[in-house]
Every structure is written in C-alpha cells, then in structure tokens.
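These notes concern the structure reproduced below.
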Amino acid sequence: MRIGISCYPTHGGSGVVATELGKMMAERGHQVHFITYSMPFRLGRFHHHIHYHEVEANRYAVFKYPPYDLALANRMAQVAKIHRLDILHVHYAVPHAICAYLAKQMTGGAFRVVTTLHGTDITVLGEDPSLRDIICFGIHESDAVTAVSDDLVKQTRESFCVDSSIQRIYNFVDPRVYYPRDVSHIRPQYARPDEKLLLHISNFRAVKRVDDVVRVFEKVQRQIPARLLLVGDGPEWPRVTELVHELNLDQKVVFLGKQDEVAQLISLADLLLLPSAKESFGLVALEAMACGVPAVTSNAGGLPEVVKHGETGYLADIGDVDRMAAYALEILTDPVKHRRFSENGLKRAREQFSAEKIADEYEALYRRVLNEPRK
C-alpha cells in the first residue's frame, strides 16, 4: 500500500504515535509519505520506504495569517497524484481531516481518508462553537475514523452526535525502544542509593496539573528520601518553578526540559506521576509500564484503560493529592508490591499495547477501507 500520513510533527503523543506507526508500516514493506510542516522528531534514521514532504505556507501581505490549511491541502493533493496514494491517514480532525477532504476532492477521490482522533480535537477544540461544525464535517466525511480509547469514542459521540462508526484502536509502544534498561551507571547523577526517584513527563500545560505533581512529591519526600525529575516544558513551567521554590524543594527537584528520547529516563524512575485533568489515553503511562515503572495517575479519560488500578499502579480522583501521595508511598515502601506492579505492567504493555498488535489493526483497517465502495 501507498500510505500518506499527516500529523503535528513536534513533541506530543499524537505525533509520536503517527510517526511510529508510519515506521512500522514501512518495515512491513508499505510506501509511507509524511506530509507535515517539519520533519517529525521521532522519524529517526533513513528508511528507503519512508518519504518526507514539507508543507510551506506562503506569507502574502493580503493574508493576516499564513494560509497553512490551504497549503497543506494542496501539498496532500500533489503527493497523492504523484505517488498515487491509496490511503491518507490524518491525525486530528482539524486541520488535517478537513485538509484531507479538500485534497481528496482536488484529486477526484483518488484515495481514502482515515482520521484518528487523539483527544484535544474533541475535548478542547470541540467545546469551541466556532469549530464544532467543521470538526463534525471532517469526521463525517472521512472514510474511516478511529479514536485512541473507548472513553474518547464515548466523548466524541456525546459531543458531536456522530452516527458513523468510530473504531477504537489504542496507542502503542515499540518494545524494541521501551523496555527496562540498565541505568545503574546513570542513576547516581540524579539520586543517592537510598533515595527513590519519581518522574513526570508532559508539555506543562495547565491540564497536566504539574503543580499537583510537585505537591504529591512534597508529601512523599517528608516520609522517605526521594527526588523528582520533571521532563518537558510549556506555559506552566514558570509557575511550577516558583512552587518548587516556595516549598523549599530546589535541591530535590530536577528540571530536565524537553527530551526527545525518554525511554532511558523512564527506566531511571521508581514511579511515574500523571495527575492530569484530561487524558484521552495517557501515552507516557504506557511507556512507563513498558519500562517496568508503576504509575500513580488520575482517573481522567482513558487512563483507566491503560493503568489497571491495584495491578500496574493506582488511580485517584483529579486533584486528590493526599490520596496520590498515599498511593505513591504504598508502592515505594513495599518492594514486593513494586515488583509485582512492575511485572504486571510489563506483561500488560506487551500483550495489550504492542506495536505489532496495533499495526495489525491499522493494516486491517486500511485494507477494509480500500475494499469498501467510495464515499
């Protein structure tokens, strides 16, 4: 098959999943074409089945903003014509599904459109009245629609009254990248032998509730020797640094900023904290499980579909930092429980969320869509 992929290529779960899926399809012999405004940061090494097509939005004085959407649709149509795409798999309803619809019309319906919903396009943009109709249109006009969790399927139906089929296909991890690593030579840089190491990774948006991470850690470190690694950057970073200072945790909290390769960092940790207000899936929790690291998370969105309460970690109500701290201490002070959660997480990641399993589901979806009558 000849597969086009459009996604947000920068840091973020949707871009990671889209890029890794493209790499998996290329390994299976399919021709893959990434159509984005910059090289996906996870694309990595050269692969002769993978092609990259840059989208450039011209800056004309008559436009208040560069018309990126139109430039993307035009580039999609160009690539589809030249390389005779069978499938254009777009991640996010806006702008990608809308641009794919335009490109499909421009090419006379030469390819099929598969749209994957990752969450923000439904849970945040979907609340904007100025975007609701166009999001609904993009979903309806796609040849197939997937969502990354059952919770997101439910939210999409409730928010948009969608009557078309939405297939749940979970996000995934590549076990060749995410696995328990020997980091004994690195860990002393971040923690003493008697200290536990807690970890949080996000884009530091308010919805991630990074201040709750710090407050949970503050309670934990009162009871046991511990340090906290914060990976990522974003609008909440200044406020979080101020909170760390206010709580006198400057010597115990390390800000590592954005990191492209996080598998090794995850393996450093004893516990992941993810107290988000919204998570349509929670990819970082899955990545932690695949590295043998238990998690304490909120029960938001799709997180209960990833983290099994009392088996691979614990779930608590959003904002309940006392409960989260108690759960964290329970895991960190009980070596037997920690080992059991770690082993359960490894097994769950490999059996339920392996790259091969999810790639099989997408490949089957592509073939089904190609065999259906044109929409």
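So the sequence shown is numbered by the working numbering: it starts at 200 and just counts up by one.
Backbone N, C-alpha and C define an ideal beta-carbon position, used for all residues, glycine too.
If you're wondering where the values come from, they're calculated on a predicted model, not measured in any experiment.
A straight-line Cα-Cα distance of about 34 Å links Y207 and D449.
Taking V372 as the centre and dropping the five residues before and after it, the same chain places the C-beta of L485, E486, A489, A548, F552 and A554 closer than 7 Å to its C-beta, in chain order. A296 and T314 do touch by the CB rule: their CB atoms are close to 4 Å apart, below 8 Å. F240 is not bridged by DSSP to any residue. Of the residues assessed, Y526 falls on the buried side of the cut-off, its CB having 16 or more other CB atoms within 10 angstroms. With respect to the 8 Å criterion, F310 and L284 are classified as neighbours on the basis of their beta carbons.
Going by DSSP, E357 is part of the alpha helix (DSSP H) stretching over D349 to F359. Nearest in C-alpha terms to V254, of all of P239, L271 and M238, is L271. DSSP links T345 through a beta bridge to T315 and Q366. T355 is positioned such that its CB atom lies closer than 8 Å to that of I321.
For G544, the enclosing alpha helix (DSSP H) has its first and last residue at P534 to Q551.
Beta bridge pairing from DSSP links A494 with L471 and G512. Residue pairing by DSSP places V453 opposite L428 in a beta bridge. F540 is classed as buried because its beta carbon has at least 16 other beta carbons within 10 Å across all chains shown. Rounded to whole angstroms, the gap between the alpha carbons of A524 and F416 is 7 Å. The C-beta distance from H248 to G228 rounds to 7 Å, short enough to fall under 8 Å. Under the 8 Å Cβ criterion, the region 423-432 counts as touching the region 528-539, having at least three qualifying pairs. For the options A346, R566, A260 and V231, the alpha carbon positioned closest to that of H282 is the one of V231.
Per the Cβ contact rule, the region 496-507 is in contact with the region 470-484 (3 or more Cβ pairs under 8 Å). The three-state secondary structure of Y207, taken from DSSP, is coil. V505 and V216 have their C-alpha atoms roughly 15 Å apart. Using a 10 angstroms sphere on the CB of E435, the tally of other CB atoms reaches 16 or more, which defines it as buried.
Going by DSSP, Q420 is part of the alpha helix (DSSP H) stretching over V409 to Q422. With 16 or more other Cβ atoms inside 10 Å of its own Cβ, T235 counts as buried. Across the set K457, V439 and V452, the C-alpha of V452 shows the shortest separation from the C-alpha of A390. Separation of I557 and I368 (C-alpha to C-alpha, rounded to the nearest whole angstrom) is 7 Å.
No Cβ-Cβ contact shorter than 8 Å links G481 with K457. F262: not part of any beta strand (DSSP E); DSSP gives it neither H nor E.
E478 sits in coil when the DSSP states are folded into three classes, being neither helix nor strand. In terms of Cβ geometry, L428 and L455 form a close pair [threshold 8 Å].
Rounded to the nearest angstrom, the gap between the Cα atoms of V312 and Y377 is 30 Å. For Y251, the enclosing beta strand (DSSP E) has its first and last residue at I249 to E253.
With a 10 Å radius around the Cβ and a threshold of 16 neighbouring Cβ atoms, F245 comes out exposed. Distance from the CA of S401 to the CA of K407, rounded to the nearest whole angstrom, comes to 7 Å. Counting along the chain, no alpha helix (DSSP H) covers H295, and no H or E run does either. For V231, the enclosing beta strand (DSSP E) stretches over residues Q230 to T235.
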